[in-house]
Amino acid sequence: IDKPRREGVRAVCISPTQELARQTHRELIKLGRGSSIGACVLNKKLAAAAVAAGEGGGQGSVFRRYDVLACTPLRLVSLLKKKALSLSRVSILVLDEADKLLELGFLEQVDEILSACSASDVQRCLFSATMLPAIEELADTVLRQPVRVIVGEKNAASDIIEQKLIFVGREDGKLLALRQMVRDGIKPPVLIFVQSKERAMQLFHELVYDAINVDVIHAERTPAQRDATVDKFRSGKVWVLIATELMARGMDFKGVSLVVNFDFPQSTVSYIHRIGRTGRAGRPGKAVTFFTEADVEQLRAIANVMKASGCEVADWMLRMKPLSKQKRRQRAIKPLSRKPILKKAKALAEGAEHGGTVGAAGKARVGGKAGKRRKDEITTSQGGEPAPVHKKKRARPVAE
618 IDKPRREGVR AVCISPTQEL ARQTHRELIK LGRGSSIGAC VLNKKLAAAA VAAGEGGGQG
678 SVFRRYDVLA CTPLRLVSLL KKKALSLSRV SILVLDEADK LLELGFLEQV DEILSACSAS
738 DVQRCLFSAT MLPAIEELAD TVLRQPVRVI VGEKNAASDI IEQKLIFVGR EDGKLLALRQ
798 MVRDGIKPPV LIFVQSKERA MQLFHELVYD AINVDVIHAE RTPAQRDATV DKFRSGKVWV
858 LIATELMARG MDFKGVSLVV NFDFPQSTVS YIHRIGRTGR AGRPGKAVTF FTEADVEQLR
918 AIANVMKASG CEVADWMLRM KPLSKQKRRQ RAIKPLSRKP ILKKAKALAE GAEHGGTVGA
978 AGKARVGGKA GKRRKDEITT SQGGEPAPVH KKKRARPVAE
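Last residue of the sequence shown: 1017 (my numbering), numbering continuous.
Printed below as a string of structure tokens:
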């Protein structure tokens, strides 16, 4: 696309999440500066306007001034079914995080989009940090005369990320290890990954009561809440962000110095995408992965990824028996069952039932008396810089 034509959408960038689509739109705006090439993200407001314009008028009145559209598959397919948008002029179709979009949950929607891009010369581009053989075979069915470009090591993490595995014994050890890292001093912003929204909220409440400037993001929060959380994390108002796999793919947070895999990744693909949130744009980063006795059987696969990117790995991890293909599939679909994280928050809730309260700003009161913060939870990092602890006031727990 060299210049605007005002004929409607000519390029479509598909992303698996709305957060990633918004990020793509921001980059499109930067790339289009000075060229008058119009780009938009398909949000609820724009979708409603397109539907209101009706058949035949949608393309002309709503999308005519946009050359490039960033969107998620479901929202785009919804417009196509309502005939509120035509993709007949599209000459470039981009699937970002293509391996995710070609999984069962998205594949049917992607097929409909491919069919709607009816121009004979449409160029299809697939991008991802990981592309497993089964997905590559599927991708070949939608590409004509494909050209493969590989940047760096295939299906490996960046070599500028310092990767570390920490054995914590049991589930209880994770919170102890994380608090020890805070005591030793960690440089924000920090991204922490857990395997479910329930565990995300549990860890959030634990860290809130530790007076850490923290927020949480997962699929059950509203789009407005998720957008606000992402914006606060980008601007530095939130120092620690707890996330599920929702944020593992593609999101570019400048300056993330540390990624913590609080829960062990379900696959090597998940691991590569999670730790890829740090070490971006040539900046070095660090990734720490906690593992328990229950996670040991999955160590070998992650250890191989670490070795491929130049990290030191214990020999015994590489000599472990690999998981069977069937078990790998099971782990990728269904994570291990784990003990709840809640400790302090649960104790405070129990105290509230006996006359205690939790203050409006997250300040703990048990049995009617203010809960005292442990001395070792207020620290400074090396060089005398403040550790990422919110000292003046405690963060308010997010209402769900």
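Every residue, glycine too, gets a C-beta built ideally from N, C-alpha and C.
Please read these numbers as outputs of a predicted model, since none were measured by experiment.
By the CB criterion at 8 Å, T895 and S874 fall inside the cutoff. In this structure, V930 keeps its C-beta atom at 8 Å or more from the C-beta atom of A918. In the DSSP annotation of this structure, the continuous segment of the beta strand (DSSP E) that includes A656 starts and ends at A656 to V658.
R650 is classed as exposed because its beta carbon has fewer than 16 other beta carbons within 10 Å across all chains shown. Counting the other CB atoms within 10 Å of its CB gives A898 a total below 16, which places it among the exposed residues.
Under the three-state reduction of DSSP output, G786 falls in the strand class.
Separation of A666 and F680 (C-alpha to C-alpha, rounded to the nearest whole angstrom) is 10 Å. For M818 and L959, the gap between their C-alpha atoms comes out near 9 Å. When secondary structure is reduced to three states using DSSP, L743 falls in the strand class.
In terms of CA proximity to K661, A638 leads the group E644, K647 and A638.
Within the same chain, L697 and L704 come within 6 Å of A733 by CB-CB distance, once the 5 residues on both sides are set aside.
For M748, the CB contacts under 6 Å within the same chain, skipping 5 residues up- and downstream, are D716 in chain order. Under the DSSP definition of a beta bridge, V629 partners with L686 and L710. In this structure, the beta-carbon distance from V785 to I829 does not fall below 8 Å. Note on K903: 16 or more other CB atoms within 10 angstroms of its CB, so buried under the neighbour-count rule. Distance from the CA of K647 to the CA of C657, rounded to the nearest whole angstrom, comes to 12 Å.
Boundaries of the alpha helix (DSSP H) around A918: L916 to A925.
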